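Enquirer: In terms of mature numbering (1 follows the signal peptide of the UniProt record, and there is no 0), the sequence shown is residues -25 to -1, 1 to 111.
I'd like to ask you about the structure that follows.
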Amino acid sequence: MKKNMIQAGVVALLTGMLLPPVATAADDLCESKAANVREQLAHAQAQGNQHREEGLQRALDAIDDNCTNESVLNDATDEVKESLAEVQERQAEFEEALNEGEEDDIEKRRVKLEEATLELERHTEELNTLQQQISE
């Protein structure tokens, strides 16, 4: 019986030691997101942009009230999915332009495809960085 109580105490102690880093990771992701909004808010205030300032303050309040690791990762995953859909759409448009053979249209579509691909890469890197922060 004493052995079970000691084991339970050790498990509770270890659990207590492991949970704070997880909570800190959640706080880190949300704090990073909030810091970005605070920076934009300071810029809007410096520029005297009241409308933008109000919108950013609402965003900051929402982060403070609702931010979790899961929500940050879900947002980043959604951005990757949207970027991927954009790349697929641009690829189809580029292929259509190739079939039609108009050089100006081909070049415009190629540039748009490259831009969409770069955005997908950027969003994917952001998601990977967030996942690494959580696993640390």
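We put the beta carbon where it would ideally sit given N, CA and C, even for glycine.
Source: prediction; values computed, not measured.
Could you tell me if residue 88 is buried or exposed, where buried requires 16 or more neighbouring beta carbons within 10 angstroms of its beta carbon?
Expert: Classification of residue 88: buried, given that the 10 Å Cβ count is 16 or more.
Enquirer: Apart from the five residues just before and just after residue 37, which ones in its own chain have a Cβ nearer than 7 Å to its Cβ?
Expert: The answer is none, since no qualifying residue turns up.
Enquirer: Considering residue 30, what are the terminal residues of the alpha helix (DSSP H) in which it resides?
Expert: Taken as a continuous stretch (DSSP letters only), the alpha helix (DSSP H) holding residue 30 covers 25 to 41.
Enquirer: Quick one: grab the DSSP three-state call for residue 101.
Expert: In the structure shown, residue 101 sits in a helix (DSSP, three-state: H, G or I).
Enquirer: Please determine if the segment 50 to 65 and the segment 13 to 25 are in contact, where contact requires at least 3 C-beta pairs separated by less than 8 Å.
Expert: The answer is no - the segment 13 to 25 does not touch the segment 50 to 65, with fewer than three Cβ pairs under 8 Å.
Enquirer: Is it true that the CB of residue 13 sits closer than 8 Å to the CB of residue 48?
Expert: Result no, Cβ atoms of residue 48 and residue 13 do not sit closer than 8 Å.
Enquirer: Does residue 68 come out as helix, strand or coil in the three-state DSSP assignment?
Expert: Residue 68: helix per DSSP, three-state reduction.
Enquirer: Could you work out which residue in 68, 28, 54 is closest to residue 102 when comparing CA atoms only?
Expert: Comparing Cα-Cα distances from residue 102 to each of 68, 28, 54, the minimum goes to 54.
Enquirer: With distances taken between CB atoms, is the gap from residue 108 to residue 39 smaller than 8 Å?
Expert: It is not a contact, given that the beta carbons lie outside the stated cut-off.
Enquirer: Less than 6 Å between C-beta atoms, sequence neighbours within five positions excluded: which residues of the same chain meet that for residue 91?
Expert: Taken in chain order, the residues that qualify are 61, 62, 65.
Enquirer: I need the straight-line Cα distance from residue 51 to residue 32, nearest angstrom please.
Expert: Approximately 21 Å, taken between the alpha carbons.
Enquirer: In three-state terms, what does DSSP make of residue 77?
Expert: If DSSP states are grouped into helix, strand and coil, residue 77 belongs with coil.
Enquirer: How would you call residue 73, buried or exposed, if buried means at least 16 neighbouring beta carbons within 10 angstroms?
Expert: Residue 73 comes out exposed.
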